[in-house]
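So the sequences go chain by chain: X and W. Start counting the first sequence at 1; every next residue gets the next number (the working numbering). Start counting the second sequence at 1001; every next residue gets the next number (the working numbering). Ideal Cβ placement from N, Cα and C applies to all residues, glycine included. Quick notes on the structure that follows.
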Amino acid sequence: MTEENKKEKLRRIVEKASNLPTLPDIVLRIAEMVDSPETTGRQLGAEIARDQVISAKVLKLVNSGFYGFSQPISTIPHAVTMLGFNAVKSLVLSCSVLDSMNEAYPGLWEHSLACARTCTIIAEHLEMADPEELSTIGLLHDLGKVVIYQNIEAGYKRIRLRVEKKEMLIYQAEEEVLGSNHGEVGGWLLEKWALPASLTEPITDHHDFRPRRDHAERTALLHLADILCRAESFGNGGDRKIPRLDPEALLVMDMTIDDMREIMNRMNEELLDIPRL
Amino acid sequence: MRTISVDEAQVGDVLAEALDDGQGKMLLPKGSKLSPAAISLLKRREIRILNVEGEDPDAADAAKVLEDLDFRFSDLEEDELMMEIKKIARGHLAKK
C-alpha cells in the first residue's frame, strides 16, 4: 500500500470511529448552534447544561487549573462567556477522548495540562488575542494519540513497541506504522466536528511546522509549548526523547532565547501543581 | 557518606566515622550499625549530627533527573537552539 493510500485508509477509520463522541445528538446540536451566528452564549450554555454528564465534565476541565481563572466557574453559560464558543465546543466534543488520555500513555493528561498552560503563558508573553482558545489547543494537541489508541489497536501496539525498543519519538513511529502522525489524526477529528481552522491547523501541524500556512503563528506557539513542557519534564508525552524545535517557529513569533528563558522561568513558577514525570 | 541529624538516624544505619562525646571519649567506632539502644545513647549524649554510609536519597534523585535530561536531549547535541533550551531546563531541574 502506498503512503497516500495508507493515510486515506487511516483517515476513514478515524472519521468512522464509533467510540468517539458518546452522545451524537447533543454533539450535533451543539455543533449547529456554534456555527449559527444567531446563537447566543446563553442558548448554547443552556443546551450543554441539558446533559449533566457532559456539563460536569466540561466544568471539571474548565476548573482544573489550565485556564488559570482566579474564581471557580460553576455554570456552563459562565464557561461559554469566559472561554468562547469554539473552546467550549471542542471541550464538549472531546470529553470522551480526554477521559482515556492516561490509558493511552501514562502522564499524557499531565503533559496536556502543562501544554495548555504553557500556551497561555506564551500567548500572554506575545500579547496574542484569544489566550483561552490557545489554551484549548494545548489541551487537545495530542488528541490523536488517544484516537489511535482507541481505534487502531494493532497499530497502537506496534507504535509503542517501536517507541520503547528503538527510543523513537511517537510521531515518527506513527508515521512509520500508519503513514501519518497523531497531529493529523487529531486534526481530522476536529475538522469532522466542524471546528475552525484556527483551532485545527495548529494541532494538525504541531510536528510539521509550515511557516506559510494561515495560522502559522498559533502553530509555532503550540510547537514551542509542547517542546518546552517535554524539556522541563512536565507530565509525559509517552516517549522519552524530545522533538527538535524548528527555528522558523521562533522567527514567526519574533522570539529570542531570552524570550524563551522568561517563558520557561514562568512555567517553573506557575506549574508547581503539575508533576514532573 | 552523608551527614544526617540524629533525629533522621534509622536503625541499621552504619557510621561512616567514629563518634566521640566531644571530650575525646569514643562512644561508637566507625562501622557500627545503629541499634535502637545506640540511637538513644546518641540522643542522651546530645550528639546532634553524625556521618553515615550511603548516598543521600534526595541527591541520588537529583542526579537521576539530570541523567534523564541528558538522555532526552542525546540526539540533539548538534542543535544549538535545543542545547540552549536544555541549559535553561537544567538550571530549573537542578534546583528541585
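Within-8 Å CB hit, residue i to chain W
i                         : result
alanine 231 of chain X    : yes
leucine 108 of chain X    : no
lysine 166 of chain X     : no
leucine 278 of chain X    : Since the displayed chain X opens at 1 and closes at 277, residue 278 of chain X lies outside it and no answer follows.
isoleucine 257 of chain X : yes
isoleucine 242 of chain X : yes
methionine 253 of chain X : no
threonine 22 of chain X   : Note that threonine 22 of chain X scores 46 on pLDDT, short of 50, meaning its location in the model is unreliable and no value can be drawn from it.
arginine 160 of chain X   : no
asparagine 268 of chain X : yes
arginine 50 of chain X    : no
methionine 286 of chain X : Here chain X has residues from 1 to 277 only, and residue 286 of chain X is not among them.
methionine 82 of chain X  : no
arginine 218 of chain X   : no
arginine 261 of chain X   : yes
Residue-level contact to chain X via CB, residue i, 8 Å cutoff
i                          : result
lysine 1064 of chain W     : no
aspartate 1075 of chain W  : yes
methionine 1083 of chain W : no
aspartate 1061 of chain W  : no
aspartate 1021 of chain W  : no
isoleucine 1039 of chain W : no
aspartate 1013 of chain W  : no
alanine 1094 of chain W    : no
aspartate 1070 of chain W  : no
aspartate 1007 of chain W  : no
lysine 1086 of chain W     : yes
aspartate 1056 of chain W  : no
isoleucine 1004 of chain W : no
alanine 1089 of chain W    : yes
Buried or exposed (CB count within 10 angstroms, at least 16 for buried), residue i
i                          : result
serine 64 of chain X       : exposed
lysine 241 of chain X      : buried
leucine 1042 of chain W    : buried
lysine 165 of chain X      : exposed
isoleucine 1049 of chain W : exposed
aspartate 273 of chain X   : exposed
valine 1011 of chain W     : exposed
Limits of the unbroken beta strand (DSSP E) element including residue i
i                          : result
isoleucine 1097 of chain W : Any question about residue 1097 of chain W goes unanswered here, given that chain W covers just 1001 to 1096.
First through last residue of the alpha helix (DSSP H) which encompasses residue i
i                        : result
lysine 278 of chain X    : Nothing about residue 278 of chain X can be reported from this structure: the residues present for chain X run from 1 to 277 only.
arginine 210 of chain X  : Premise fails: arginine 210 of chain X is in no alpha helix (DSSP H) and is neither H nor E.
isoleucine 13 of chain X : 3-16
lysine 192 of chain X    : 182-192
arginine 244 of chain X  : Neither: arginine 244 of chain X is in no alpha helix (DSSP H) and is coded neither H nor E.
proline 202 of chain X   : 197-204
arginine 42 of chain X   : 41-49
threonine 219 of chain X : 216-231
glutamate 174 of chain X : 170-178
Do the segment 143-155 of chain X and the segment 187-204 of chain X meet, that is, are 3 or more Cβ pairs less than 8 Å apart?
-> yes
Would you say the segment 122-130 of chain X touches the segment 217-237 of chain X, given that touching needs at least three Cβ pairs under 8 Å?
-> yes
Unbroken stretches of the alpha helix (DSSP H), 4 residues or longer, contained in the segment 1012-1089 of chain W = Counting only runs of 4 or more, we get 1036-1044, 1057-1072.
The segment 92-106 of chain X / the segment 52-62 of chain X touching (three or more Cβ pairs under 8 Å) | yes
Using 8 Å as the Cβ pair cut-off and three pairs as the minimum, do the segment 225-236 of chain X and the segment 186-194 of chain X touch?
-> no
Do the segment 1019-1038 of chain W and the segment 1077-1089 of chain W touch if we need at least three Cβ pairs shorter than 8 Å?
-> no
Would you call the segment 31-45 of chain X and the segment 207-217 of chain X in contact, with 3 or more CB pairs under 8 Å?
-> no
Entirely enclosed alpha helix (DSSP H) segments - the segment 82-155 of chain X, minimum 4 residues = 85-99, 101-104, 108-125, 131-140, 143-151
Three or more C-beta pairs below 8 Å linking the segment 43-52 of chain X and the segment 69-77 of chain X = yes
Could you tell me whether the segment 169-187 of chain X touches the segment 248-264 of chain X, using the rule of 3 or more Cβ pairs below 8 Å?
-> With the cut-off at 8 Å, the segment 169-187 of chain X and the segment 248-264 of chain X do not touch.
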